[in-house]
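Novice: Residue numbers (the UniProt record's numbering), protein chains in the order written: chain W, 1 to 323; chain P, 1 to 424.
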Amino acid sequence: MTTSDTLTRVRGLHTGDRGPRAPRKRAPRRSRITAAAYIAPSMIAVGGSLVFALVLLVGMSLRDVSLGRLSAIFAAPLTLTNYVEVLGDPATWRSFLVSLIYTVGSTLLPFIGGLMIALLLNQRMPGQRLLRTLALVPWAVPSVTATVAFVWMMQPTYGVWNYLLRSVGLIDTDVNWFGDPNLALLAVIIPTSWKAIPFFTLMLLAGLQSLSREQYEAAEVDGAGRLARFRWITLPGLAPFILVALLFSAMHSFREFDFIYASTQGGPDGATETAAVRIYNQAFESFDLGNAATLGIVTFVLVAVLVALLFRRLNKGSLEGFL
Amino acid sequence: MTAKKRISLIAASSILVGSLVACAPQSAQPEATEDIALTLSTWSYSNEFADWWDDVIGKFEKANPTITVEIQQTAFADYGSTITTQAVAGSEPDIIHVPTPITTLPAWAKAGFLAPLDDYLKTTDVPKLWPAAQSAMEWNGTSYGVLLVDYGYNLFYNEALLTEAGVGVPTTPEELVAAAKAVTDLPGDEFGFAITDDNTVNFVRDALVFTTGMKADWVKDGDWNFSDPDVVAALDVWRELGKKYSPIGTNFAAKREAFLAGNSAMMIEGPFYYATVQGTADPALVDSLKIATTPFEVSPGDVSHGLALSADLDENTRAAAEKFLDFVTSTESLTTYSKLITSPTARPGTAQSLLESPDTAPIVEAHEASKLIIDPSNEGLRSDYAKFAEVTGAALHSLLQSDAPSREILVNLDRALDDAGLKP
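1. Closer than 7 Å by C-beta to A76 (chain W): which residues in its own chain qualify, once you throw out the five before and the five after it? Chain order, please.
2. In this structure, does DSSP put G380 (chain P) in helix, strand or coil?
3. Mind the definition here: the region 269-282 of chain P touches the region 179-189 of chain W only if three or more C-beta pairs lie below 8 Å; say whether that holds.
4. Taking contact to mean 3 or more Cβ pairs, one atom from each stretch, closer than 8 Å, check whether the region 140-148 of chain P and the region 301-318 of chain P are in contact.
5. Who are the neighbours of T200 (chain P) on chain W, taking C-beta pairs under 7 Å?
6. Which chain P residues are close to R69 (chain W), counting only those with a beta carbon under 7 Å from its beta carbon?
7. Secondary structure at M267 (chain P), three-state DSSP: helix, strand or coil?
8. Less than 8 Å between the CB atoms is what I'm expecting for T201 (chain W) and I117 (chain W), so what's the real figure, rounded?
9. In whole angstroms, what is the alpha-carbon distance linking R9 (chain W) and W232 (chain W)?
10. Just to confirm, are T103 (chain W) and L246 (chain W) a CB contact at a threshold of 8 Å?
11. Here's a check: name, in chain order, each residue in its chain whose Cβ is nearer than 7 Å to the Cβ of K290 (chain P), leaving out the five neighbours to either side.
12. Is there at least one Cβ from chain W nearer than 8 Å to Q72 (chain P)'s Cβ?
13. Assuming G296 (chain W) and L57 (chain W) form a contact by the criterion Cβ under 8 Å, report the distance between their Cβ atoms to the nearest whole angstrom.
14. For R312 (chain W), does the count of other Cβ atoms within 10 angstroms reach 16, so buried, or fall short, so exposed?
15. According to DSSP, is residue 436 (chain P) helix, strand or coil?
16. Using 8 Å as the threshold, is the C-beta distance between Y266 (chain P) and A179 (chain P) below it?
17. Around the C-beta of V168 (chain W), are 16 or more other C-beta atoms found within 10 angstroms, so that it is buried, or is it exposed?
18. Quick one: grab the DSSP three-state call for G421 (chain P).
19. Starting from the beta carbon of L62 (chain W), find every residue of chain P whose beta carbon is closer than 9 Å, and list them in chain order.
20. For A136 (chain P) and A140 (chain W), I'd like the C-alpha separation in whole angstroms.
21. Where do the ends of the alpha helix (DSSP H) carrying I96 (chain P) lie?
22. Return the bridge partner residues of G152 (chain P) from the DSSP annotation.
23. Across which residues does DSSP place E138 (chain P) in a beta bridge pair?
24. Could you tell me whether any Cβ in chain P is nearer than 8 Å to the Cβ of A146 (chain W)?
25. Less than 8 Å between the C-beta atoms of V226 (chain P) and L400 (chain P), yes or no?
26. What is the residue span of the alpha helix (DSSP H) that T392 (chain P) lies within?
27. Please list the partners that L57 (chain W) has in chain P, where partner means a Cβ-to-Cβ separation under 8 Å.
28. Does K59 (chain P) come out as helix, strand or coil in the three-state DSSP assignment?
29. Q73 (chain P) bridges to which residues according to DSSP?
30. Could you spell out where the beta strand (DSSP E) holding K371 (chain P) opens and where it closes?
31. Report the CB separation of E70 (chain P) from I83 (chain P) in whole angstroms; it is logged as a contact under 8 Å.
32. Does any CB atom of chain W fall closer than 8 Å to the CB of residue 427 (chain P)?
33. With a threshold of 8 Å between beta carbons, is S13 (chain P) in contact with chain W?
34. Is DSSP giving I67 (chain P) helix, strand or coil here?
35. Terminal residues of the continuous alpha helix (DSSP H) containing L136 (chain W)?
36. First and last residue of the alpha helix (DSSP H) that includes V286 (chain P)?
Here it is as structure tokens:
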């Protein structure tokens, strides 16, 4: 068998080339009813509160009332004024763009970091267990604590970041990380990425450990080098894990609020005002709940469509196009 | 419709109806009772403020045995959003501590959350004795609260650092800049001054202290006037201090910390911070950390701590809440406030104890001559303060971060405020 044959066979294992599916066996009717009864209370509680919140939001978004009692808001006539205002406001689209950049940045950076650490921790080495535990530490740090720590570390005059950059001669004047409109977005991406690295590490390490050693041995016998083995065995094997991790992390980043609000409040000059921060600012700084609710609905629809498209792709099992 | 679809539809409807029923407000018929429990929201139940609240509430409950007052403490960062959310749902506290009344009160008053208090105030000495700053508790000609505290800003200075730099306590803007330069030029890492340099509303207010102090009106005849030469000159002083003689990127906590730690020789702050300085500064430094009046012709001032009542109180609760307002605004309560917080109050004569010490006398002097940095009659600005702060903040950041001429930036600011549809 040639290297090419081996790799083609290996790729087939991970690219949806699974052959005909066996028919699913249906559980007995009684078991299904019991299962439904078990999950019904939590479904009603969780689903009910979600539906209620959504109904409330839609209702508020369809009334031209900035702030008032719920009774007064819902007594107002139905209108699409808020949607016209929100969709016609350049600040809305700027906040989506900021969200997009923030989401991509704070997903890709920890993915790369997490992948590298996972590959490292997958090797046999002394202290492996301790290192694996230590790699999870950022995850355990509460968001507020991490934010305070990063705000102090990145404080332009007294922070350790600028001190280090000055010490190695990379800068000669202090960099105002959270105050410079050109740098503020990067400054909020860094702490978010740091905190997300353990999630990727954990997911990808689990994926790496599920890969068969035989595939590597077969490829090695056929003369595949380290890079080829990574490209044609590791990466396709990790594909489902990578996609799920990227999706979850992106969804988390898109709605991230704590880091950004605590460090920049969406400023300076809107440079870090993501959709999540803008919704908060509209509701509790500008006191325009109607506008905030509308922005919330628009954001919800956008994210739902994106997630649905991605899940559809995942369910089809065709990962070839991704990696 | 298939059986599967029918089941799905029934399930979805059940969830929706169930959730709506579960969350629907219950009709609340108050039980007739002699005892009344008032709820009071605040962000300030900590340190010296907590001592004051405990003192006032303890005495009030003793004098009114059928009334109890329960404090609901919320962190300042979450305070506005918490009260707003509660009020939208109709479950706000009976007595609402209003933060930064100039900017927060209009939104809550317009939304119908706060009770008009004109009739109540007519029965008190507030209209007769309270300073003009009480108008910060008004919106559209109606009073929605009682102001507890107005104050003049003070210059906080590190006497040892000024002495080391060979300068005295500045009394003019020119002396302030010269003193800041002299300290910054010392061989150590100390800065001469500290400003708030972040993305919060404090950033804009810090700069406006200079315009008020130097008699520069950024609103004139109902229009924005930031490009006026006097305003440009005042903000130039702030710009020079911020760019050359202050640490950068300091939020209000970092600014205060820089002063407390002896890293900055001067800052301008509200007088209430003096108690914190005395209580938390390094013992080796504390004797050097002093206050004076600001080095301006006019003493810039501000308001804080107003009390308002929920618009939905029943007759008995409203009467009890008004009794509490009477008690809180009494000479005794506000004199205690002044002593504990080292701050003036809105009731004249309550800060006399501060005059007894030369260390705290500048607090009273600054208060008596103070002029608000934001005129409460600027209802357009108050109504959309968040937008004003965003647009103005962007221009002020440009002043600190670019080398463009101040006048050019401020001409653009006037234009940007107009373009944003904002009117003072």
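Even for Gly, the Cβ is constructed at its ideal location relative to N, Cα and C.
Specialist: In this structure, then:
1. R63, D64 and V65
2. helix
3. no
4. yes
5. Q265
6. V88, G90 and G112
7. strand
8. 5 Å
9. In this prediction, R9 (chain W) has a pLDDT of 45, which is less than 50 and means its spatial position is unreliable; nothing more can be read from the coordinates.
10. no
11. Y157, E159 and D359
12. no
13. 6 Å
14. exposed
15. One cannot answer for residue 436 (chain P) here, as it falls past the ends of chain P, which runs 1 to 424.
16. It is Met, not Tyr, that sits at residue 266 (chain P) in the sequence shown. In this structure, A179 (chain P) lies closer than 8 Å to M266 (chain P) by Cβ.
17. exposed
18. coil
19. Ordered by position in chain P, no residue passes the 9 Å Cβ test against L62 (chain W), which lies about 16 Å from the chain.
20. 45 Å
21. Where I96 (chain P) is concerned, there is no enclosing alpha helix (DSSP H), although the beta strand (DSSP E) it sits in stretches over I95 to V98.
22. P:G301
23. P:S143
24. no
25. One detail in the question is off: residue 226 (chain P) reads as Phe in this sequence, not Val. No, they are not a contact pair.
26. Y385 to Q401
27. In chain order: nothing, as chain P lies at least about 12 Å away.
28. helix
29. P:T42
30. S370 to L372
31. Not a contact, Cβ separation roughly 15 Å.
32. Since the first residue shown for chain P is 1 and the last is 424, residue 427 (chain P) is missing from the structure and cannot be characterised.
33. The predicted position of S13 (chain P) is uncertain, since its pLDDT is 42 and thus under 50; a value taken from the coordinates is nonetheless stated next. So, not an interface residue.
34. strand
35. Here L136 (chain W) belongs to no alpha helix (DSSP H), and DSSP marks it neither H nor E.
36. P283 to V286
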